[in-house]
Ligand SMILES: [Fe+2]
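Residue numbers (the working numbering): 249 to 512.
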């Protein structure tokens with residue numbers, strides 16, 4: 249059933265969305281069986297299909313790593329990612345897939361940093377890549393001081409911290425706080441769905457004000473499925489383009505994420 253939907257969507261999508269085939273999705277949960285994203289391989293392919301249909305041509309999959317919640321090993325996600333990548337790139341030869349993780353700021357991140365077990369953004373399994381940018385996530389309970397400490401910790405190991413969906417954290421819930429995070433050297437990512445109102449009016453207001461103040465480095469999908477947390481990059485692209493122009497849309501959806509993946 250799901251594979252029939254995949255096939256149907258792909259043939260239509262290629263014709264319809266030629267106009268903006270450049271989007272880079274830096275944050276998404278498309279690797280099956282490893283977190284609360286795609287539950288099986290077919291669903292993962294359907295998610296990739298949806299990203300592709302919206303103009304995405306470069307994807308960095310970022311399965312969660314979070315203590316006591318999402319503890320799949322790097323070996324397991326590399327294995328599952330390998331199967332998905334092979335099938336996805338066969339179906340879409342002009343699609344490039346990378347693998348990293350969304351590192352929750354907890355003891356597992358500290359352990360992985362100390363053990364030199366980080367998969368930076370733009371990682372290709374099998375390559376020897378030690379430094380780069382790192383997608384980090386906080387919870388609603390992290391304090392401002394803890395956020396500063398984790399940013400410093402990540403930087404002390406030579407990585408550039410990219411704050412996942414900054415609009416979600418009460419400790420950083422204002423333009424001033426987000427500006428302060430950027431001053432510390434963090435890069436700022438917001439979710440496409442938040443711009444469109446998926447997380448409520450308050451979050452939408454904050455994210456739109458961050459865009460207005462030029463405080464957003466990257467817009468990503470953070471897609472988990474096709475129902476509740478889908479990819480909405482195309483709608484976000486058009487919203488930003490309409491409001492702030494094509495070059496701003498290209499910066500947050502293509503150029504900045506490409507730099508963080510170190511893809512030139
Ligand atoms: Fe995420």
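Where is the CB? At the ideal position from N, CA and C, for every residue including glycine. Since the structure is predicted, the reported quantities are computational estimates derived from the model, not experimental observations.
For residue i versus residue j, is the C-beta spacing smaller than 8 Å?
| i | j | result |
| --- | --- | --- |
| residue 513 | residue 310 | This structure does not reach residue 513, given that the chain is present from 249 up to 512, and the question cannot be answered. |
| residue 295 | residue 471 | yes |
| residue 436 | residue 487 | no |
| residue 271 | residue 302 | yes |
| residue 410 | residue 466 | yes |
| residue 428 | residue 408 | no |
| residue 289 | residue 505 | no |
| residue 352 | residue 401 | no |
| residue 412 | residue 366 | no |
| residue 491 | residue 463 | no |
| residue 371 | residue 356 | no |
| residue 354 | residue 292 | no |
| residue 330 | residue 373 | yes |
| residue 320 | residue 284 | no |
| residue 513 | residue 454 | For the chain, the structure presents residues 249 to 512; residue 513 sits outside this window and is missing. |
| residue 391 | residue 419 | yes |
Is residue i a contact residue of ligand 1, with contact defined as CB to any heavy atom under 7 Å?
| i | result |
| --- | --- |
| residue 310 | yes |
| residue 412 | yes |
| residue 527 | Absent from the structure is residue 527, since the part of the chain shown begins at 249 and ends at 512. |
| residue 390 | no |
| residue 352 | no |
| residue 241 | This structure gives no information on residue 241, because the portion of the chain shown stretches from 249 to 512. |
According to DSSP, is residue i helix, strand or coil?
| i | result |
| --- | --- |
| residue 409 | strand |
| residue 267 | In this prediction, residue 267 has a pLDDT of 47, which is less than 50 and means its spatial position is unreliable; nothing more can be read from the coordinates. |
| residue 330 | helix |
| residue 306 | strand |
| residue 517 | With the chain covering 249 to 512 only, the question about residue 517 has no answer from this structure. |
| residue 419 | helix |
| residue 468 | strand |
| residue 433 | coil |
| residue 380 | strand |
| residue 345 | strand |
| residue 338 | helix |
| residue 274 | coil |
| residue 398 | helix |
| residue 463 | coil |
| residue 446 | coil |
| residue 490 | helix |
| residue 359 | helix |
| residue 367 | coil |
| residue 375 | coil |
| residue 300 | helix |
| residue 475 | coil |
Kindly give me the distance between the Cβ atoms of residue i and residue j, rounded to whole angstroms, as I take these residues to be in contact under 8 Å.
| i | j | result |
| --- | --- | --- |
| residue 480 | residue 510 | 26 Å between Cβ atoms; not a contact. |
| residue 469 | residue 299 | 7 Å |
So with Cβ pairs under 8 Å, would you call residue i a contact of chain D?
| i | result |
| --- | --- |
| residue 311 | This model lacks chain D altogether, as it is built from one protein chain only. |
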